[in-house]
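Student:
Residue numbers (the working numbering): 1407 to 2353.
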């Protein structure tokens, strides 16, 4: 005993849970270390699968990241590359909490990419590109948390995520485009790094680089599918011009993705690992909605997924059977003759025994049902694969057969012609003197005829061979059809087994229902008491009291001076009337003669409470919004009258609630409900007077504004054109060299754009005069504008937008020439003015005749503005490149310290620009949402005013 040390004796024993946790962590660390090793070979799926299963067992990614932090990610490029691959698989297939928990490690992933990005060859740039893809994936899931890691969602889920809002779909499409760009950039870098002489797809080093493309193909296929569906939906609700950038970006990605899939299909390495879906020959035309009907979703299949899922399921089932008490039960059905039902109340022991048997049987039955369903799905997959392979072979043979038949027909025609020539020549030689020259020509034609005959024979034999091959294929088709019939028979057998299982389950349910009936009778005998009656009555009184507080607060808020600053449109206020009226009218039908009659019916009691609380909230909202609507009245007396009616309505609702709480009966409740509805009708009549006043004023104003805004638009364009000419003159006097060249190019294109806009405005004014002359009849132009005030408001909005765009272009050009602005602002200004003129064209085109010559001239002028805008954008980009080429940094004379300092300054500048870019993207999204809301009004008058 003296030789034993004291600390060792006093060391506490570990519990079974601690030992199990320790063994789990050791196993996970070994699996992850084997998956992410320094050997240049592809990651083994069994090690990755162990790590993925670990996240499900732990329901977390903590152990995975603890193991990763021990690896030499910064010291070995192969380890860093395999880490990116394994992390991509974990994010796709791991437990649902892996993605949100991995958000905190983005800086670590980014630093690994920056570190290896300095390595200009081998895996350096690949690691940097892969880390960028992983960060974009994490950002995508952070902004769209309802997408799982594997991106698999149904059409219903996709509609639910977008919330049927074009703004959400617009931003979602941009984020998916960014995601797809990173995938395409990574695959391009991987294929570009392969050395066909050393690292092809059948070597371990080549497979090490190509293996991560499998999850990339899975992600890209789903992103492509969602982008197609979202873009078709956007084109059904937004103008085509607004989505031009989306179409161009999708078209480029479609070409790159198609090339990516073709390159991957040519490699032997991928043929046994993944089935890549073919993409159509041409990208979908989103301007034609009918093309969506023929769209087929590309499906990526992993041939090993089915076998792997079965192995995983067996592992889980073995583990659950070993640790659960039901693991030793036999597969026989429950013996219904064993338990003896007592005529009186059942004992607790008997009830527990029945429940245990019932649970065990349901578990076995569910397990068998899942196994049968799994077998049916497996048979269907095998059947679909056979059908696809058969269709490919048949299509290929049909195409080859058609080509040979065409060639055979051509050769037959040539052979017939040569034969006729030969016969003519023979007749000529017979009539003539049979000279030596004629004999030579006849011999030459005869040789040619023999050669053609030989070619014809070969084609005929090849055609016969193909017909024999087609017969063999038909036999294979017959075999496949027989296999399908056998599969259908097996499916019917499985369905019959499922029917038997359901029948057995019904028997158990009958037993369960009898048990439930006995339990309900026992509960009824123990519960119809006074304490329950009092408790339920107190709940009802408390809920009605809370509803009274809600309504009283809204009535008091009507007299609050602070609410006088709020406003509400009459249109929105009218949407509150119908649900509130229905709720008030339905209340008397739900109130019983006395509370005792519904005390035992909890569902009825619950509906009454919900209805009372809902009516209180609707009444409070109705009262406050009525007060806010009265604030918009130009007639102060009318507004005050509406406010008084609001309080009267609130008082009637309070009386109605007190009547329900005091149990005065359904007849009294109905009288008070009718009184509340009358108060609502009085408020509705006052609302109609207010609506007439507001609409009358706006119609009068719009008739006076149209000519003013059109004149302001002409004036703004003239001032902008003259100001640009003045700026060009000053620049020629003040500047020289490269700066003068840049300024002249920019201002010349701006002048050409203003000239095109001036022509378009002139054509628009001519078309407007034609529209007014045809539509006003004997009335004045002002009366025509008032009668068509919605169209006129759109015309005014378009004129304001053109004037604002001209001023913006002038300001941008002035700043660029003076050296205070950027060329990007000039590009934005020119694009904005093009959009504004397009709005003016749409506003002018709404009421014009289709055969109008002025409308044709306006369309031509619109194309001129578009071309001039493109010239401004192209010139600005050329000038930017010219300036950048002239300002190249000379680093030949820098010292080590100076070069390092400049490098750090550049990194700081890059981070600042990235942060600024993110902020500007958020601002752009907010501005787009506001633009769509405003554009909705234009679409409204465009639809209403169309003949």
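Even glycine gets a Cβ: it sits at the ideal position worked out from N, Cα and C. The structure presented is a predicted model; accordingly, all values stated were derived computationally and were not measured.
Buried or exposed: residue 2149, going by 16 or more other Cβ atoms within 10 Å of its Cβ?
Tutor: It counts as buried.
Student: Who pairs with residue 1707 in a beta bridge, going by DSSP?
Tutor: Paired residues: 1681.
Student: Residue 2052 and residue 2036: beta carbons closer than 9 Å?
Tutor: Cβ atoms of residue 2052 and residue 2036: closer than 9 Å.
Student: Could you tell me if residue 1691 is buried or exposed, where buried requires 16 or more neighbouring beta carbons within 10 angstroms of its beta carbon?
Tutor: With fewer than 16 Cβ atoms within 10 Å of its Cβ, residue 1691 is classed as exposed.
Student: Where does residue 2286 fall in DSSP's three states?
Tutor: Three-state DSSP puts residue 2286 in a helix.
Student: Please classify residue 1614: is it buried, with 16 or more other beta-carbons within 10 angstroms of its beta-carbon, or exposed?
Tutor: Residue 1614 should be labelled buried.
Student: Going by Cα to Cα distance, which pick from 1632, 1586, 1678 is closest to residue 1666?
Tutor: The shortest C-alpha separation from residue 1666 is found at 1586.
Student: Taking the alpha helix (DSSP H) that residue 1623 falls in, what are its first and last residues?
Tutor: Counting along the chain, the alpha helix (DSSP H) containing residue 1623 begins and ends at 1619-1641.
Student: Along the chain, where does the alpha helix (DSSP H) containing residue 2231 start, and where does it finish?
Tutor: 2229-2251 is the span of the alpha helix (DSSP H), which, as asked, contains residue 2231.
Student: Between which two residues does the alpha helix (DSSP H) holding residue 1995 run?
Tutor: Run containing residue 1995: 1983-1996, per the alpha helix (DSSP H) assignment.
Student: What is the rounded straight-line gap between the Cα of residue 2334 and the Cα of residue 1640?
Tutor: Computed Cα separation, rounded: 14 Å.
Student: Exposed or buried, which one is residue 2253 when buried takes at least 16 other CB atoms within 10 Å?
Tutor: Buried, since its Cβ has 16 or more Cβ neighbours within 10 Å.
Student: Going by CA-CA distance only, name the one from 1822, 1986, 2097 that's closest to residue 2085.
Tutor: Ranking the options by Cα distance to residue 2085, first place goes to 1986.
Student: The alpha helix (DSSP H) that contains residue 1590, what's its start and end?
Tutor: From DSSP, the alpha helix (DSSP H) with residue 1590 extends over 1572-1599.
Student: Pairs of beta-carbons, one from the region 1820-1827 and one from the region 1788-1800, closer than 8 Å: are there three or more?
Tutor: Taking 8 Å as the limit for Cβ pairs, the verdict is that the region 1788-1800 does not touch the region 1820-1827.
Student: How long is the line joining the alpha carbons of residue 2029 and residue 2021, rounded to whole angstroms?
Tutor: Straight-line Cα distance between these residues: approximately 12 Å.
Student: From the DSSP output, in three-state form, read off residue 1519 for me.
Tutor: Helix.
Student: With distance defined between alpha-carbon atoms, name the residue in 1511, 1475, 1622, 2320 nearest to residue 1596.
Tutor: Ranking the options by Cα distance to residue 1596, first place goes to 1622.
Student: Thinking just about the alpha-carbon of each residue, which of 1689, 1652, 2175 is nearest to the one in residue 1663?
Tutor: Answer by Cα proximity: 1689.
Student: Just checking my contact of residue 1993 with residue 2017 at CB under 8 Å: how many whole Å lie between their CB atoms?
Tutor: Right, the Cβ-Cβ distance comes to about 7 Å (below 8 Å), so this counts as a contact.
Student: Let me know if residue 1509 comes out buried or exposed under the rule of 16 or more other beta-carbons within 10 Å of its beta-carbon.
Tutor: Exposed.
Student: Using the rule of at least 16 other Cβ atoms within 10 Å of the residue's Cβ for burial, across every protein chain shown, is residue 2312 buried or exposed?
Tutor: Exposed, since its Cβ has fewer than 16 Cβ neighbours within 10 Å.
Student: Which of the three DSSP states, helix, strand or coil, is assigned to residue 1690?
Tutor: It is coil, neither helix nor strand.
Student: Give a yes or no on whether the C-beta atoms belonging to residue 1588 and residue 1538 are separated by under 9 Å.
Tutor: Going by C-beta atoms, residue 1588 is nearer than 9 Å to residue 1538.
Student: Here's a check: name, in chain order, each residue in its chain whose Cβ is nearer than 8 Å to the Cβ of residue 1685, leaving out the five neighbours to either side.
Tutor: So the qualifying residues of the chain are 1630, 1660, 1663, 1664, 1667, 1704.
Student: In the structure shown, what three-state DSSP assignment does residue 1934 receive?
Tutor: It is coil, neither helix nor strand.
Student: Relative to the C-alpha of residue 2251, which candidate in 1966, 2197, 2276, 2215 has its C-alpha closest?
Tutor: Of the candidates 1966, 2197, 2276, 2215, the one whose C-alpha sits nearest the C-alpha of residue 2251 is 2197.
Student: Report the rounded CA-to-CA distance for residue 2165 versus residue 2134, giving the unit in angstroms.
Tutor: If you take the alpha carbons of residue 2165 and residue 2134, they lie about 21 Å apart.
Student: Taking all protein chains shown into account, decide if residue 1793 is buried (16 or more other Cβ within 10 angstroms of its Cβ) or exposed.
Tutor: Looking at its Cβ environment, which holds fewer than 16 other Cβ atoms inside 10 Å, residue 1793 is exposed.
Student: So the alpha helix (DSSP H) residue 2047 belongs to, where does it begin and stop?
Tutor: Note, residue 2047: alpha helix (DSSP H), 2042-2067.
Student: Do residue 2025 and residue 2055 have their C-beta atoms within less than 9 Å of each other?
Tutor: Yes, the Cβ-Cβ distance between residue 2025 and residue 2055 is below 9 Å.
Student: Pop quiz: residue 2155 and residue 2277 are said to be a contact at Cβ under 8 Å. What is the actual Cβ separation, rounded to whole angstroms?
Tutor: Sure, about 5 Å apart at Cβ, within 8 Å.
Student: Terminal residues of the continuous alpha helix (DSSP H) containing residue 1484?
Tutor: Run containing residue 1484: 1483-1499, per the alpha helix (DSSP H) assignment.
Student: When the Cα atoms are used, what is the spatial distance from residue 1489 to residue 1469?
Tutor: Distance between the alpha carbons of residue 1489 and residue 1469 is about 15 Å.
Student: Does the contact criterion of 3 or more C-beta pairs under 8 Å hold for the region 1547-1566 versus the region 1493-1513?
Tutor: At 8 Å Cβ cutoff, the stretches touch.
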